[in-house]
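The numbering used here numbers the first residue of the sequence shown as 44 and each following residue consecutively.
All C-beta atoms, glycine included, are put in the ideal place defined by N, C-alpha and C.
The next block holds one structure in the form of structure tokens; read it before the comments.
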Amino acid sequence: MSKNTKLIAGIGVALLILIVLAAAGIRNYFVQDETSDKTRTDSGHTMQAVYLKKENGDNIFVNLENSMPFTGTIPQGEIYDEKGEKISEQDLNNGDVVNIYGNGVMAQSYPGQYNGITKIERTEQENQKYIEEHSHFLEEFFVEKDPSQFPELNVRYTDNLADVTVMIPEPLSYTWTYEENGESHTITADTPHILQTAPTEVKKLSQQMQMELVFDVKPESVQILSWEDALLGQYPDDTAWIPKGTSVEVQENEEGNPEFTAQPGHVYLVQGQWENGTADYGLWTPAE
44 MSKNTKLIAG IGVALLILIV LAAAGIRNYF VQDETSDKTR TDSGHTMQAV
94 YLKKENGDNI FVNLENSMPF TGTIPQGEIY DEKGEKISEQ DLNNGDVVNI
144 YGNGVMAQSY PGQYNGITKI ERTEQENQKY IEEHSHFLEE FFVEKDPSQF
194 PELNVRYTDN LADVTVMIPE PLSYTWTYEE NGESHTITAD TPHILQTAPT
244 EVKKLSQQMQ MELVFDVKPE SVQILSWEDA LLGQYPDDTA WIPKGTSVEV
294 QENEEGNPEF TAQPGHVYLV QGQWENGTAD YGLWTPAE
């Protein structure tokens, strides 16, 4: 073999070695990067906060790192005490220090809204220092309700592992009595039958779903009547021929809120009773 041939062969071997090493380096770079990304993804997000609550149940969190207030959807069945034992939202007290786990996505609002909470772990109960420092947020965000205002209703359900809340803008009808400056006042609103209105659409359903009724003032009792939504708009002028609604079973959950099983293609009339009077709310769950 000539010297030139040997030289060319040596250069070729050297180039081959460089290519192999470079490829290995590139592969290691990407493997390390992928591992790093996976580690970041699996680690999740943890935040330390104080839980603040008024006597009527209004509550808010405050991030202890930056003192920013936020509301959050409390995950049912994923609240734990200092010993790691499961507790309910009712067991959380004003001033409790908690670790909050979730996806870390905070809505840019004031207060913030953290709907991706997956777990809450209490680490300390009723920290008086934090209560004194941050209780002003309760007064700021939960102003004393005007006695003439009737109760507000939100409907809450879980869909694809996410908690969703739908606000019912106002009652269809109400009779409400309140006192102001020592005088008693009664206000009344009477609207057409629910089948003659456009009730709030809560969710399109393909199958039955459990729904929770969250009032800002807890009712003494709740009754629910239902009709098939095919009857909506069928009685524009006369209520005499409207069929009676079907009574729906209502149960109270661990939080003390009414729950019922919603069916696809139905309209629901929620009738609440309070010490001050009554209010009726309409909602709709059309079929997909």
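Check, Outcome
"Proximity below 8 Å, CB of residue 157 to CB of residue 145", "yes"
"Beta-carbon proximity list for residue 107, same chain, < 7 Å, skipping 5 on both sides", "91, 92, 93"
"Simplified DSSP assignment, three categories, for residue 173", "helix"
"Test item: CB-CB of residue 253 and residue 200 under 8 Å", "yes"
"Which residues DSSP lists as bridging residue 125, in chain order", "Answer is none; residue 125 lacks a bridge partner."
"Beta-carbon spacing of residue 217, residue 191 below 8 Å", "no"
"Buried/exposed call for residue 328, threshold 16 Cβ in 10 Å", "buried"
"Residue 253 CB to nearest heavy atom of the ligand COA below 7 Å", "Questions concerning the ligand COA fall outside what the structure shown contains, since it holds no ligand whatsoever."
"Three-way DSSP call (helix, strand, coil) for residue 163 in this model", "strand"
"Buried/exposed call for residue 149, threshold 16 Cβ in 10 Å", "buried"
"Whole-angstrom C-beta distance between residue 103 and residue 181, which should lie under 8 Å", "7 Å"
"First and last residue of the uninterrupted alpha helix (DSSP H) at residue 182", "179 to 184"
"CB contact flag (residue 275, residue 245, <8 Å)", "no"
"Candidates 173, 230, 301, 209: closest to residue 242 by CA position", "209"
"Secondary structure, beta strand (DSSP E): runs of 3+ residues fully inside the stretch 233 to 284", "252 to 258, 264 to 271"
"Nearest-angstrom Cα separation, counted from residue 122 out to residue 105", "17 Å"
"Proximal residues to residue 141 (C-beta, below 7 Å), its chain only, five neighbours per side dropped", "92, 94, 163, 164, 165, 166"
"Residue interval of the beta strand (DSSP E) (run including residue 328)", "320 to 328"
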